[in-house]
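Chains as they are written, first to last, in the numbering used here: chain E, 2 to 114; chain G, 262 to 374.
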C-alpha cells in the first residue's frame, strides 16, 4: 500500500536559520508531489509541485525552495527563515487516476521565533 | 482568477441530524470537486470526488452534489455523530499535467451529543 512520510512533526527555529523538511512516498511510482502551507485557521496554500525528478514549479514567490532529488523524495528548504514562514507544512502526492484524491502527510508544525 | 469559497466557517448541529456544507466556485466549472476531512494538527484525508458531469455521489453516510448552474457543491453527512466533528475542506481541480488542487478555507463542523 502507498504511504507518505513527513518529518519532523514539529520544529522551532530562530529567524535567519536554514530549513529542510523532507517528504518520502512509498508504494507508488512517478507520483505528483506537492508542498502546501496552512496558516492558523486558514485554507491550504500550494507552494510547490513536481511532476518528476528535478522538475519543480512554484506557485507563489517566497523565501522557500523545493527540490526533488529522487522519484519519491520531495524536500522543502530555506536558507534564512522569516517570522512569516511559520505555519503548518503539508506534503502530498497524487497519481493520474480520476477517482483518487490527494494523500497528505501528517504535517510539520514550524514556528519561527 | 478562479476562486473556491466555503461560506460557513463553523457549523453546529445536533447528533442524528444531517449536516450540509456548502462550497461555491467562481467562473469556470472545475473538472473535479473533492472533499476532505481534517482533524486538528493532522493532514487532510480524502473523502469524495465528484466530476463536472456528475450530479451526485454517495459513500456510506456521505453525499456530494455538483450543480454547475449554481456553481456550487453541497456536502451532506446524514445521521451525524460526534465523531464527525472536524474541519471539512472542498477543493477544485482542473484537468492538467500536474493536477493542482485549490482548497477552500474549510468549515468547522461540530456535532453536539
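Don't be surprised by glycine CBs; every beta carbon is placed ideally from N, CA and C. All values derive from a computational prediction rather than experimental measurement.
Of the other Cβ atoms in all chains shown, 16 or more fall within 10 Å of the Cβ of residue 22/E; this residue is therefore buried. Comparing alpha-carbon positions, the option among 11/E, 32/E, 13/E lying closest to residue 104/E turns out to be 32/E. Taken atom to atom, the span from the alpha-carbon of residue 287/G to that of residue 281/G is near 20 angstroms.
With at least 16 other beta carbons inside 10 angstroms of its own, residue 348/G counts as buried. Within the same chain, 271, 272, 273, 274, 346 come within 8 angstroms of residue 371/G by CB-CB distance, once the 5 residues on both sides are set aside. Within the region 301 to 313 of chain G, 302, 303, 304, 305, 306, 307, 308, 309, 310, 312 place their CB atoms closer than 9 angstroms to a CB of chain E, listed in sequence order. Annotated as distal: residue 331/G and residue 297/G, with beta-carbon spacing of 8 angstroms or more.
Distance from the CA of residue 29/E to the CA of residue 5/E, rounded to the nearest whole angstrom, comes to 10 angstroms.
Close partners of residue 107/E in chain G (Cβ separation under 7 angstroms): 303, 304. Look at residue 85/E here: in three-state DSSP terms it is helix.
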